[in-house]
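Just so we're aligned, residue 95 is where the sequence shown starts under the numbering used here, counting upward by one.
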Amino acid sequence: MIEQAVKLGEQLIAEGLISPEQLAAALARQQEGGGRLGSNLVNIGAISSTALVSALSKKLDVRGCVLRHGLIDPKVARCITKEEAQRLRVLPLFRVRDELTVAMVDPQSLPTMDRLRQLTDCDVRPVLVLEDNLEEFQRKYLAEEVTVDAFLATIEESDVQITEHEAIDEGPVTDLDKMVDGSPVVNLVNLAIMTALRDGASDIHVEPDRDATHIRYRIDGRLRELLNPPRNMHAAIVSRVKVIGRMDISEKRLPQEGRVHIVADGREIDLRVSSMPTILGEKIVIRILDKANLSFELEALGVNQRDRLAIEAMIRSPYGLMLVTGPTGSGKTTTLYSCLDLLRDEGTNIVTIEDPVEYQLPLINQIQVHEAVGLTFARALRSILRQDPDIIMVGEMRDEPTARVAVQAALTGHLVLSTLHTNDCPGGVMRLLDMGIEPYLIASSVLGFVSQRLARKICPSCGASYYPPPNLLRSVGWSHRTNDLFQKGEGCRECHNTGFRGRIGIYEIMVMDPELRRLVQTEANEAAIRTYLAQSNWRTLRHKALDLVEAGESTLEEVLRVTRSETVDAGDPSGIGLEEALA
């Protein structure tokens with residue numbers, strides 16, 4: 095043992111991680127009190143846990159990690175007994191199909207590996223951890239009944255500080271607040287917020303069930319399980335979140351909304367809180383608005399050079415209407431903010447109407463819609479026109495009054511930016527017609543449409559080559575490419591074994607040229623517009639999505655999930671045979 099410790103110490107000295115004096119001090123401590131050399135080095139402050147794990151994993155040629163909340167699936171952690179886990183010095187972390195990832199103090203122990211395979215009937219993927227780190231998380235995850243007190247012992251109330259409230263509904267604080275004040279529920283909510291922040295989540299869902307409360311968070315557009323506290327804690331968790339958002343905790347029958355500015359993990363974050371009554375109790379959704387994860391650079395969002403020039407040409411126009419279309423959660427508001435970021439300066443009066451205001455930007459006057467007092471999109475827009483605006487952003491054109499005022503504003507010398515809930519650019523024209531806007535007004539006011547989606551990107555840490563199934567290639571018109579290699583993510587710790595990390599935008603641009611204006615003014619149907627676009631070699635969302643596959647940035651399965659074909663011929667869902675299908 096001492097000989098192995100000396101060899102490890104010499105390696106750490108050779109790599110410049112510790113000094114000979116620190117090694118001597120750690121060896122002396124090991125001889126006096128026992129323990130492993132690495133733990134003693136960490137305890138005397140000679141090296142960090144992360145650096146030590148990195149050095150050990152390199153020496154043993156195995157993966158290493160420092161355990162943290164969010165990395166461990168509580169159900170999987172208890173797939174073996176507490177006694178067996180402590181005897182083997184292991185902790186199951188998560189399972190992907192038949193492969194079980196297990197944290198181990200000695201990942202090269204063949205008897206331990208064999209025993210784990212026997213107990214779990216899974217292939218075992220070992221990960222090196224330090225003994226102290228393992229024991230800490232064994233105590234939290236392997237207790238007979240996982241109590242919140244034990245589970246959250248390392249999370250303090252001060253880790254999340256409320257610095258400012260923006261209340262929408264205020265009400266009296268009842269005795270229920272005493273249930274959460276100073277209790278483990280405070281730590282539980284803090285843990286959920288901090289884990290979501292560290293993993294780059296956009297939303298936290300707190301959902302009641304018959305046997306437990308499910309806390310899930312959304313990363314890259316997909317929900318993942320985080321915690322499952324006992325069902326009897328649900329009311330207290332909801333109450334704590336409502337207290338943070340300054341909502342009425344005594345009102346459980348009606349939906350409520352709240353907003354709060356917090357400091358968590360040393361970062362300033364805005365949280366938007368929404369509650370909704372369900373048959374099993376109230377559901378809470380917390381939207382995380384983190385400016386640190388937001389980019390207003392069009393290139394960073396995935397806009398290529400050609401599309402950027404088209405967008406800039408529209409927003410640099412002195413007047414007119416540009417509309418961004420797409421489903422909820424496709425990044426429309428971020429695109430509009432990026433356009434405003436390009437346009438804002440001290441010589442321009444920019445006013446926005448939003449519901450809600452998601453990010454506050456300097457040099458921009460932002461108005462929050464408040465329908466309860468009569469401040470609707472249409473009413474605010476009419477008032478803005480008397481405020482001498484140069485550029486107006488309308489968060490969403492929901493109805494005919496808002497659309498009509500926006501069109502009139504565009505025709506009277508203002509640049510107006512807004513969003514529509516349609517599937518693509520041609521659908522935007524049809525949506526305006528459905529709202530009752532006359533064709534000649536659309537043709538005269540609209541500069542163009544931008545339609546978009548968000549596709550998950552292949553994780554750079556586990557990307558690998560593979561041959562897609564022939565039927566998948568046929569579905570996009572690539573039957574001739576069965577021998578071509580494509581990219582996908584295999585799944586790793588960095589991407590929570592999904593194979594994806596981060597998202598990128600897919601953009602479809604339709605600028606209103608003279609022929610399109612003529613078609614709209616003569617009330618041509620959507621098929622006629624699509625035929626003209628196909629003849630003009632217009633690139634659809636599906637075409638742009640397949641470009642990402644070609645570049646190795648996303649997978650065929652992912653881009654097929656987020657885009658759809660507009661072809662008439664179901665046998666050609668790629669959109670490549672659009673002109674022939676419509677002929």
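Each residue gets a CB set at the ideal place from its N, CA and C atoms; glycine is no exception. From a predicted model like this one, the values you see are computed outputs, not experimental measurements.
Anyone know if the C-beta pair for Leu434 and Leu455 falls short of 9 Å?
yes
If you follow the alpha helix (DSSP H) that Met408 is in, where does it begin and where does it stop?
Gln399 to Ile409
Euclidean distance between Cα positions of Arg525 and Lys638:
23 Å
Please state whether DSSP places Glu652 in a helix, a strand or coil.
helix
Assuming Asn227 is part of the alpha helix (DSSP H), what are its boundary residues?
Glu225 to Tyr235
Three CB pairs or more closer than 8 Å across the region 511 to 519 and the region 478 to 491
yes
If distances are taken between C-alpha atoms only, which option among Tyr601, Arg438 and Asp217 comes closest to Val196?
Asp217
Cβ pair Glu406, Leu436 closer than 9 Å
yes
Report the three-state DSSP secondary structure of Gln105 (helix, strand or coil).
helix
Beta-carbon contacts of Ser573 that lie in its chain and below 7 Å, excluding the five residues immediately before and after:
Leu567
Straight-line gap, Phe471 to Arg361 (C-alpha atoms, nearest Å):
32 Å
CB of Ser151 within 9 Å of CB of Leu224, strictly
no
Could you check what DSSP says for Asp641 in three-state terms: helix, strand or coil?
helix
Tell me, please, which residues DSSP counts as bridged to Pro324.
Ala306
Among Lys176, Ser538, Leu282 and Leu415, which residue has its Cα nearest to the Cα of Arg233?
Lys176
Tell me where the beta strand (DSSP E) around Asp217 begins and ends.
Asp217 to Leu222
Between Ile447, Cys519, His328 and Tyr534, which has its C-alpha nearest Thr496's C-alpha?
Ile447
Let's test the definition: count the other Cβ atoms within 10 Å of the Cβ of Ser369 and tell me whether it reaches 16, buried, or not, exposed.
buried
Compare the C-alpha of Glu679 against each of Leu204, Asp192, Val190 and Leu185 and name the closest.
This structure does not reach residue 679, given that the chain is present from 95 up to 677, and the question cannot be answered.
How would you label Pro324, buried or exposed, when you count the other beta carbons within 10 angstroms and need 16 or more for buried?
exposed
Using only the alpha-carbon positions, how far apart do Gln502 and Ile623 sit?
24 Å
For Glu644, is the classification buried or exposed, using 16 other Cβ atoms within 10 angstroms of its Cβ as the cut-off for buried?
exposed
If we ignore side chains and look at the alpha-carbon of each, how far apart do Met604 and Ala628 end up?
12 Å
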